[in-house]
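**Student:** Mapped onto the working numbering, the consecutive letters of the sequence shown carry residue numbers 1 to 80. Just so it is clear, CB atoms sit at the ideal spot from N, CA and C, and this is done for glycine as well.
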Amino acid sequence: MPRVNVGEAKTHLCRLLRRVEAGEEILITRRDIPLARLVPYARPRAPRTLGLFDGQPFSMAVDFDELPGDIAAAFGADGR
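As structure tokens, this is what we get:
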């Protein structure tokens, strides 16, 4: 990871940001002591669509058993 001192970072911020946009991480130092890290921003994922399979055919396996009581209780289920 490239190291850049604070003065260089102030002078060349636009250039550093272009490198970060390309996926590079840059360590900013003061007197050779790491101070900060410039990293690409992780964009939040798009929200998942609820009800994606609404109206689609649904079937339950014939060998499906309900959860044992202790496991259901661990998940906060009241046995309904």
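Mapping DSSP to helix, strand and coil, what is residue 29?
**Tutor:** Locating residue 29 in the sequence shown gives position 29, where the first residue counts as 1. Strand at residue 29.
**Student:** In angstroms with no decimal places, state the Cα-to-Cα distance between residue 6 and residue 42.
**Tutor:** Here residue 6 is taken as the residue at index 6 of the sequence shown, counted from 1. Here residue 42 is taken as the residue at index 42 of the sequence shown, counted from 1. Rounded to the nearest angstrom, the two C-alpha atoms are 24 Å apart.
**Student:** If you follow the beta strand (DSSP E) that residue 18 is in, where does it begin and where does it stop?
**Tutor:** Sequence index remark: in the sequence shown, residue 18 carries index 18 (1-based). Residue 18 -> not in any beta strand (DSSP E); alpha helix (DSSP H) instead, spanning 13-21.
**Student:** Among 57, 65 and 39, which residue has its Cα nearest to the Cα of residue 28?
**Tutor:** For the purposes of this step, residue 28 is identified with residue 28 of the sequence shown, where counting begins at 1. Measuring from the Cα of residue 28, the nearest candidate turns out to be 39.
**Student:** Considering just the uninterrupted stretch of the beta strand (DSSP E) at residue 4, what are its terminal residues?
**Tutor:** Counted from its first residue, the sequence shown places residue 4 at position 4. Note, residue 4: beta strand (DSSP E), 3-5.
**Student:** Determine the direct distance from the alpha carbon of residue 49 to that of residue 18, and round the result to whole angstroms.
**Tutor:** Position 18 of the sequence shown, counted from the start, is the residue given in the question as residue 18. Position 49 of the sequence shown, counted from the start, is the residue given in the question as residue 49. Each residue's Cα considered, the two are about 33 Å apart.
**Student:** Give the range of the alpha helix (DSSP H) segment to which residue 72 is assigned.
**Tutor:** Position 72 of the sequence shown, counted from the start, is the residue given in the question as residue 72. In the DSSP assignment, residue 72 falls within the alpha helix (DSSP H) that extends over 69-74.
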